[in-house]
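As structure tokens, the structure follows; a few thoughts come after it.
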Amino acid sequence: MEVRSWVLPLLLSLAACSKSGGGDAPAPGGAVTLLNVSYDPTRELYEDFNAAFAKHWAAKSGQKVTIKQSHGGSGKQARAVIDGLEADVVTLALAYDVDMLHDKGQLIPANWQTRLPDNSSPYTSTIVFVVRKGNPKGIKDWEDLVKEGVTVITPNPKTSGGARWNYLAAWGHALRKPGGSEATAQAFVENLFRNVPVLDSGARGSTTTFAERGLGDVLIAWENEAFLLTQEVGKDKFEIVVPSVSILAEPPVTVVDKNADKRGTRAVAEAYLQYLYSDEGQELAAKHHYRPRSQAVAAKHASKFPGVSLFTIADVFGGWKKAQAAHFDEGGVFDRIYVPKAR
Amino acid sequence: MAVSSKRRVLPGFRLSLGFAWFYLGLIVLIPLSGLFLRTFTLTWAQFWETVTAPRALAAYQLTFGASFAAAAVNVVFGLLVAWVLVRYRFPGRDLVEALVDLPFALPTAVAGLTLTTLFSANGWYGQYLEALGLKVAYTSVGVAVALTFIGLPFVVRTVQPVLEDIDADVEEAAATLGATPWQTFTRVLFPSILPALLSGFTLAFARALGEYGSVVFISGNMPLRTEIVPLLIITKLEQYDYAGATAIAVVMLVASFVLLLAVNLLHRWTHRRLEARPGH
Numbered sequence: 001m002e003v004r005s006w007v008l009p010l011l012l013s014l015a016a017c018s019k020s021g022g023g024d025a026p027a028p029g030g031a032v033t034l035l036n037v038s039y040d041p042t043r044e045l046y047e048d049f050n051a052a053f054a055k056h057w058a059a060k061s062g063q064k065v066t067i068k069q070s071h072g073g074s075g076k077q078a079r080a081v082i083d084g085l086e087a088d089v090v091t092l093a094l095a096y097d098v099d100m101l102h103d104k105g106q107l108i109p110a111n112w113q114t115r116l117p118d119n120s121s122p123y124t125s126t127i128v129f130v131v132r133k134g135n136p137k138g139i140k141d142w143e144d145l146v147k148e149g150v151t152v153i154t155p156n157p158k159t160s161g162g163a164r165w166n167y168l169a170a171w172g173h174a175l176r177k178p179g180g181s182e183a184t185a186q187a188f189v190e191n192l193f194r195n196v197p198v199l200d201s202g203a204r205g206s207t208t209t210f211a212e213r214g215l216g217d218v219l220i221a222w223e224n225e226a227f228l229l230t231q232e233v234g235k236d237k238f239e240i241v242v243p244s245v246s247i248l249a250e251p252p253v254t255v256v257d258k259n260a261d262k263r264g265t266r267a268v269a270e271a272y273l274q275y276l277y278s279d280e281g282q283e284l285a286a287k288h289h290y291r292p293r294s295q296a297v298a299a300k301h302a303s304k305f306p307g308v309s310l311f312t313i314a315d316v317f318g319g320w321k322k323a324q325a326a327h328f329d330e331g332g333v334f335d336r337i338y339v340p341k342a343r
Numbered sequence: 001m002a003v004s005s006k007r008r009v010l011p012g013f014r015l016s017l018g019f020a021w022f023y024l025g026l027i028v029l030i031p032l033s034g035l036f037l038r039t040f041t042l043t044w045a046q047f048w049e050t051v052t053a054p055r056a057l058a059a060y061q062l063t064f065g066a067s068f069a070a071a072a073v074n075v076v077f078g079l080l081v082a083w084v085l086v087r088y089r090f091p092g093r094d095l096v097e098a099l100v101d102l103p104f105a106l107p108t109a110v111a112g113l114t115l116t117t118l119f120s121a122n123g124w125y126g127q128y129l130e131a132l133g134l135k136v137a138y139t140s141v142g143v144a145v146a147l148t149f150i151g152l153p154f155v156v157r158t159v160q161p162v163l164e165d166i167d168a169d170v171e172e173a174a175a176t177l178g179a180t181p182w183q184t185f186t187r188v189l190f191p192s193i194l195p196a197l198l199s200g201f202t203l204a205f206a207r208a209l210g211e212y213g214s215v216v217f218i219s220g221n222m223p224l225r226t227e228i229v230p231l232l233i234i235t236k237l238e239q240y241d242y243a244g245a246t247a248i249a250v251v252m253l254v255a256s257f258v259l260l261l262a263v264n265l266l267h268r269w270t271h272r273r274l275e276a277r278p279g280h
């Protein structure tokens, strides 16, 4: 009797727990919802694009689609999906995070990146510099960032996926210039990070440090973030400097097969991503400062996106997994900048 | 104490104990054992290497050091605030009461951004402090400042009710018996509030150990210098190194538990001494 009096409630509560939960079935009738799990700076782009796609899909199939958006750091978003956030599609900052949906979560096939054109990146960006009005330190190209007395603001590549592109752009520049080698590239990024006084945990944090705190002479940023800063935040306070060479930043998208199949949303999810490649999708990307893939749309916006010699991560680093292992994992090149004796 | 266990307000001691264990198990023990289990995927050598890496050691030092400093500052000034709130009636007292709780309610990221704005080189405080050669933002001092901010309510709110219980008569009695104000404070008041102060210290300290949101903005996150332990954990998660992240977490967990246990024992000891004093 006495024992039962406290075992019973325990069992009852356990039973109650196991009964709740469970996935939601596809919505009945002609309505469907999609969850797009994305990274931070795409919020405005997808607000516009979702409205455009809903209209397109209603006209095409007669089905009403509602798209929910989730934004956060790219790595954090990928981990949320691995841990069970039921994203129908992900639109993240780097392929490494999407690879992990396969490696750690078995949610998508290994060849996910070949399923859509252009490495599954419907829009691209590149890494540029933002300087203060009038460019007082005369920053023109990568080499100016390692000069004495220049302070550079860039987020921590260990915590920010976006910042890994910044780092790799710097490395690629040093490696590809005449006489460049692994050793000179390493020396270059070491010198560069000696000029970095603060490593914010994310890209928006760095933007705030540079723009609001007045710290640093140069902010290394994604081009779309640089546009936001110069056009919307501080119209007359900052200028964009495009270096002679930079990296092609390819933020990839994919359907999350396991979730889409479970929720019965595969058709609409695939159409959603394909619509990013349409003229309307490409125009919206350009409007929100991403470089469109479509030649025709890109030509219309040629004055907005200046020509720059771009290398890809596949060219220089052999893909994200190799770049991650060599540079950003424990004991990699980035760690050795700060902990000289790292094993 | 003895009375409360004889006369029960809630029915069924065993029933409520069962629920208490179940609740603690569900909310605390099961998640934490999950944490331990995850580290078992590492070999002992890997675990040791992860938790004793130079960056990890530097981060423990900063996190525990800054948390301790912040909690200590809050003990002194939190007591002062609590004293003013209890003993004086002044215009705007309700406002001060509400202000004390603000660090509880404010999203920590907002706190971090605000503090960084104030203390950076072009901020309201920072411009004068830097002129004096004292850098706060992006240094370990900045970390301690953020932790002081978030820990303040814990000390005030634990000390305040105890102070309210002490009648002003006690002080008057001490004075009539010839005690100096200093003696009244150290011999009469302080021993009564010491257990509450210790509780407040513990809560503020424990809260500071786990704080992430406000600190990452003001710390600058420089490896070996201003990286806090929670940032290191996030760094490892960002590399999908779940085992490494949990290894660091386990070290924090064990260290925090031992520290909290020690403070609780100290708390019990001071409480007993207080109870044992003549007149109580």
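One line per chain: the protein sequences are A and B, in this order.
Be aware that the first sequence starts at 1, since it is given in UniProt numbering, and climbs by one per residue.
Be aware that the second sequence starts at 1, since it is given in UniProt numbering, and climbs by one per residue.
C-beta: ideal position from N, C-alpha, C; glycine also.
Quiz item: Of all the CB atoms in chain B, is at least one closer than 8 Å to the CB of A:N156?
Solution: Taking the first sequence and counting its residues from 1, the one referred to as residue 156 of chain A is at position 156. Output row for A:N156: interface = yes.
Self-check item: is_contact[B:S5, chain A] using C-beta, thresh 8 Å
Solution: For the purposes of this step, residue 5 of chain B is taken as residue 5 along the second sequence, with counting starting at 1. Low confidence applies to B:S5: its pLDDT is 49, below 50, so where it sits in the model is not reliable, and the reading given next is rough at best. It does not: the Cβ of B:S5 has no partner Cβ on chain A nearer than 8 Å.
Quiz prompt | Under the three-state DSSP convention, the category B:L134 falls into | solution = What you label residue 134 of chain B is simply residue 134 of the second sequence in a count that begins at 1. Of the three classes helix, strand and coil, the one that applies to B:L134 here is coil, per DSSP.
Self-check item: B:P107 in three-state terms, based on DSSP
Solution: Position 107 of the second sequence, counted from the first residue, corresponds to residue 107 of chain B. If DSSP states are grouped into helix, strand and coil, B:P107 belongs with coil.
Self-check item: Beta-carbon proximity list for A:N135, same chain, < 8 Å, skipping 5 on both sides
Solution: Position 135 of the first sequence holds residue 135 of chain A. Within the same chain, A:N135 has close Cβ partners E239 and V241.
Quiz item: Going along the region 35-48 of chain B in order, which residues come within less than 7 Å of chain A, judged by CB to CB distance?
Solution: none
Quiz item: Can you name the residues of chain B whose CB is closer than 7 Å to the CB of A:D329?
Solution: As a working mapping, residue 329 of chain A is identified with position 329 in the first sequence. Simply Q239.
Quiz item: Taking the C-alpha atoms as reference points, what is the distance between A:D48 and A:D217?
Solution: Walking along the first sequence from the start, residue 48 of chain A turns up at place 48. Walking along the first sequence from the start, residue 217 of chain A turns up at place 217. Computed Cα separation, rounded: 34 Å.
Quiz item: Within 10 angstroms of its Cβ, does B:I27 collect 16 or more other Cβ (buried), or is it exposed?
Solution: Counting from one through the second sequence, the residue named residue 27 of chain B turns up at place 27. That one is exposed.
Quiz prompt | Beta-carbon neighbours of A:S201, restricted to chain B and to distances below 8 Å | solution = As a working note, residue 201 of chain A is residue 201 in the first sequence. Per Cβ cutoff of 8 Å: V216, N221, L231 and I234.
Quiz item: Looking only at DSSP bridge pairs, what is A:N292 linked to?
Solution: For the purposes of this step, residue 292 of chain A is taken as residue 292 along the first sequence, with counting starting at 1. Just to set this straight, residue 292 of chain A is Pro in the shown sequence, not Asn. Answer by DSSP bridge pairing, in chain order: A:Y123.
Quiz item: Beta-carbon of A:K104 versus every beta-carbon of chain B: anything under 8 Å?
Solution: Within the first sequence, residue 104 of chain A is the residue found at index 104, counting from 1. Closer than 8 Å to some Cβ of chain B, the Cβ of A:K104 qualifies, so yes.
Practice problem: Compile a chain-ordered list of the residues in the region 206-234 of chain A whose CB is closer than 9 Å to at least one CB of chain B. | Solution: T208, T209, E212, R213, G214 and L215
Quiz prompt | Partners in chain A for B:L79, counting only beta-carbon separations shorter than 7 Å | solution = For the purposes of this step, residue 79 of chain B is taken as residue 79 along the second sequence, with counting starting at 1. Result: empty, since nearest Cβ-Cβ is about 34 Å, beyond 7 Å.
Quiz item: Is the number of C-beta pairs between the region 176-194 of chain B and the region 52-65 of chain B that are closer than 8 Å three or more?
Solution: no
Quiz prompt | Under 8 Å between C-beta atoms of B:A66 and B:S120 | solution = The residue you call residue 66 of chain B lines up with position 66 of the second sequence. The residue you call residue 120 of chain B lines up with position 120 of the second sequence. Their beta carbons are not under 8 Å apart, which means B:A66 does not touch B:S120 by this criterion.
Practice problem: Along the alpha helix (DSSP H) that carries A:I337, what are the first and last residues, could you check? | Solution: In the first sequence, the residue the question calls residue 337 of chain A occupies position 337. First-last of the alpha helix (DSSP H) with A:I337: V333 to Y338.
Quiz item: B:N221 by DSSP, collapsed to three states: which one?
Solution: By one-based count along the second sequence, residue 221 of chain B stands at place 221. Three-state result, B:N221: coil.
Practice problem: Express the C-alpha separation of A:I153 and A:A285 in angstroms, rounding to a whole number. | Solution: Counted from its first residue, the first sequence places residue 285 of chain A at position 285. Counted from its first residue, the first sequence places residue 153 of chain A at position 153. Distance between the alpha carbons of A:A285 and A:I153 is about 26 Å.
Practice problem: May I have the straight-line CA-CA distance separating B:V170 from B:G178, to the nearest angstrom? | Solution: To locate residue 170 of chain B, count along the second sequence from 1; it is residue 170. To locate residue 178 of chain B, count along the second sequence from 1; it is residue 178. Near 13 Å, if we compare the C-alpha coordinates of B:G178 and B:V170.
Quiz item: Just how far apart, CA to CA, sit A:Y39 and A:K133?
Solution: In the first sequence, residue 39 of chain A corresponds to position 39, counting from 1. In the first sequence, residue 133 of chain A corresponds to position 133, counting from 1. Going by the C-alpha atoms only, they are around 29 Å apart.
Quiz item: Counting pairs of beta carbons, one from the region 213-227 of chain A and one from the region 81-88 of chain A, are three or more of them closer than 8 Å?
Solution: no
Quiz item: So, B:P161 versus B:P103, is the Cβ gap smaller than 8 Å?
Solution: Here residue 161 of chain B corresponds to residue number 161 of the second sequence, with the count starting at 1. Here residue 103 of chain B corresponds to residue number 103 of the second sequence, with the count starting at 1. No, Cβ-Cβ distance for B:P161 and B:P103 is not below 8 Å.
Quiz item: Helix, strand or coil for A:I67 per DSSP?
Solution: As a first step, residue 67 of chain A is located in the first sequence; it is residue number 67 there, counting from the start. Looking at A:I67 - three-state DSSP - the assignment turns out to be strand.
Quiz prompt | Given B:S192 as reference, the closest of B:Y23, B:W269 and B:L209 once Cα atoms are compared | solution = As a working mapping, residue 192 of chain B is identified with position 192 in the second sequence. When each option's Cα is compared against that of B:S192, the closest is B:W269.
Self-check item: Inter-residue spacing [alpha-carbon to alpha-carbon] between A:D257 and A:Q106
Solution: In the first sequence, residue 257 of chain A corresponds to position 257, counting from 1. In the first sequence, residue 106 of chain A corresponds to position 106, counting from 1. A:D257 and A:Q106: Cα-Cα distance of roughly 9 Å.
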